[in-house]
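This report concerns only the one structure given below.
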């Protein structure tokens with residue numbers, strides 16, 4: 402579709418791309434904007450690689466095969482009001498990308514909502530909606546990552562929680578993954594044991610004793626409802 406390399410201060414707005422390998426592919430591109438673009442049935446919607454200081458807003462990835470958005474060695478990116486939906490393997494893939502802001506994005510119906518790996522640090526991930534993804538998050542590191550800021554986190558469709566004070570924030574924290582998830586990612590054949598008594602005991606123990614968690618993503622202030630501006634997912 403659009404390939405940009407070793408460039409800066411460009412704007413790509415309101416483009417529609419279908420049935421390609423990449424809709425938009427950035428390499429070594431800085432101080433630029435991707436706004437209002439639409440990607441349909443491509444292998445990857447938006448591949449942002451080795452690029453810095455970008456504004457990525459109001460883009461759509463629908464039924465892209467592998468990834469809606471890929472951020473690979475991408476830093477100081479602001480990604481807001483983007484939507485990924487419809488059978489993609491990974492809504493967003495974040496690899497060794499630092500000091501980015503991901504806010505008010507709708508990530509729905511993917512195999513994985515966000516795959517987060519390779520030491521990415523100092524990212525702000527709040528006000529997003531993770532809806533009906535097979536795995537909301539895949540993170541295999543051992544550090545604790547907080548995905549809330551200033552008392553506001555994200556919406557998780559599989560979160561079961563109460564809001565007794567009716568402030569819109571769940572009364573319990575949300576952890577998208579546990580030790581059994583990590584075991585299955587590292588040893589896929591272990592999936593056959595998921596319903597065994599031993600695994601069920603392990604899951605119960607982790608729920609009762611948080612210290613047994615090996616690290617991972619934590620949302621300390623999960624939202625009870627999808628952010629209002631993301632409710633209408635029909636925009637295309």
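In my numbering, the protein residues as written are 402 to 637.
Backbone N, C-alpha and C define an ideal beta-carbon position, used for all residues, glycine too.
Predicted, not measured: the structure shown is a model, and the values here were computed from it.
Exposed unless 16 or more other CB atoms sit within 10 angstroms - verdict on residue i
i           : result
residue 488 : exposed
residue 389 : The structure shown does not extend to residue 389, since the chain is modelled only from 402 through 637, so no value can be given for it.
residue 635 : At residue 635, the pLDDT of 46 sits below 50, so the modelled position is not reliable; the number obtained from the coordinates is stated separately. The residue is exposed, with fewer than 16 neighbouring Cβ atoms inside 10 Å.
residue 505 : buried
residue 439 : buried
residue 522 : exposed
residue 557 : buried
residue 491 : buried
residue 578 : buried
As assigned by DSSP and simplified to three states, the class of residue i
i           : result
residue 486 : strand
residue 463 : strand
residue 505 : coil
residue 522 : coil
residue 419 : strand
residue 565 : coil
residue 630 : helix
residue 529 : coil
Alpha carbon of residue i to alpha carbon of residue j, nearest angstrom
i           : j           : result
residue 421 : residue 573 : 43 Å
residue 434 : residue 411 : 6 Å
residue 408 : residue 570 : 42 Å
residue 480 : residue 543 : 26 Å
residue 413 : residue 483 : 15 Å
residue 502 : residue 598 : 41 Å
residue 507 : residue 497 : 22 Å
residue 628 : residue 528 : 7 Å
Best match in the options for proximity to residue i [C-alpha to C-alpha]
i           : options            : result
residue 648 : 444, 430, 429, 431 : A question about residue 648 goes unanswered here, because the residues of the chain that appear run from 402 up to 637.
residue 461 : 452, 436, 513      : 436
residue 550 : 457, 471, 623      : 623
residue 458 : 451, 478, 466, 471 : 478
residue 424 : 452, 468, 453, 451 : 468
residue 568 : 494, 552, 560, 577 : 552
residue 626 : 511, 451, 577, 555 : 555
residue 512 : 629, 499, 531, 519 : 531
residue 476 : 500, 485, 470      : 500
Close beta carbons around residue i, own chain, < 6 Å, minus the five adjacent residues each side
i           : result
residue 405 : 427, 430
residue 455 : 433, 478
residue 621 : 549, 574
Cβ-based neighbour list, residue i, same chain, cut-off 8 Å, excluding 5 preceding and 5 following
i           : result
residue 418 : 402, 403, 424, 425, 438, 439, 440, 441, 443
Cutoff 7 Å; reference residue i; Cβ partners in own chain excluding five residues on either side
i           : result
residue 538 : 514, 515, 517, 577, 578, 618
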